[in-house]
Amino acid sequence: MKKAGIILLTVFAIILEVLPYGTVMIFAPSPTDRIKETCSYFSLTPVGYAHVTPFVTAMLTCILLVLEIAESVTKNVYVRKTLWFISFAAVITSLGAILFGFEYYNITGGLITVVLAAECILVTILSKNR
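Just remember that the working numbering sits 302 ahead of the position in the sequence shown, which is counted from 1.
Laid out in structure tokens, this is it:
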């Protein structure tokens with residue numbers, strides 16, 4: 303049951319990352335104007351503007367999903383340890399938008415961080431119970 307919960311959390315995080323509201327980019331065409339645009343975590347547009355952490359978070363989340371499925375089939379101890387490290391790295395990189403300022407972080411990004419943090423906690427609990 304816990305394994306299914308972890309996989310569902312990862313799928314929910316990926317769904318949130320696919321939505322076009324996750325990554326916030328602010329452009330300033332003039333000193334007084336600000337244009338706020340949002341896009342998916344999987345979009346390469348923010349990477350072109352040196353905002354790489356959403357894309358890295360999306361890739362880490364996809365790797366997590368593959369590893370969780372592999373762990374549920376193989377029950378390998380090393381895969382379990384890797385799951386925790388990658389989920390922790392995904393939480394840290396999901397907070398990367400704050401480095402640009404809080405206006406670059408929105409509710410969708412916050413939900414992604416919360417879901418990934420919950421997943422990290424569940425992986426820890428699952429590893430201790432085995």
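Heads up, the beta-carbon is just placed ideally off N, CA and C, and yes, glycines get one too. Quick caveat, the model's predicted, so the values are computed rather than measured.
Checklist entry - Exposed or buried, what is Y370 when buried is set at 16 or more other beta-carbons lying within 10 Å of its beta-carbon? => result Looking at the sequence itself, residue 370 is Glu, so the reference to Tyr does not match. Burial call: buried.
Checklist entry - Are the beta-carbon atoms of A399 and T334 separated by less than 8 Å? => result Inclusion of A399 and T334 in the CB contact set at 8 Å is not warranted, their separation being larger than that value.
Checklist entry - So what's K377 in DSSP terms, helix, strand or just coil? => result Three-state DSSP puts K377 in coil, outside helix and strand.
Checklist entry - Around the C-beta of L318, are 16 or more other C-beta atoms found within 10 angstroms, so that it is buried, or is it exposed? => result Burial call: buried.
Checklist entry - Leaving out five residues before and five after T395 in sequence, what residues of the same chain have Cβ atoms less than 7 Å from its Cβ? => result Here the set comprises T355, V358, T359, L362.
Next on the checklist: Within a Cβ cutoff of 6 Å, which residues of the same chain sit near F390, ignoring the five residues on either side of it in sequence?
Outcome noted: Excluding sequence neighbours, F390 sits near C422.
Item to check | Nearest-angstrom Cα separation, counted from G411 out to A419 | outcome: Each residue's alpha carbon lies about 12 Å from the other.
Checklist entry - Do Y406 and V326 have their C-beta atoms closer together than 8 Å? => result Cβ atoms of Y406 and V326: closer than 8 Å.
Checklist entry - Do you know how far the Cα of C364 is from the Cα of I328? => result Spanning the two alpha carbons is a distance of roughly 27 Å.
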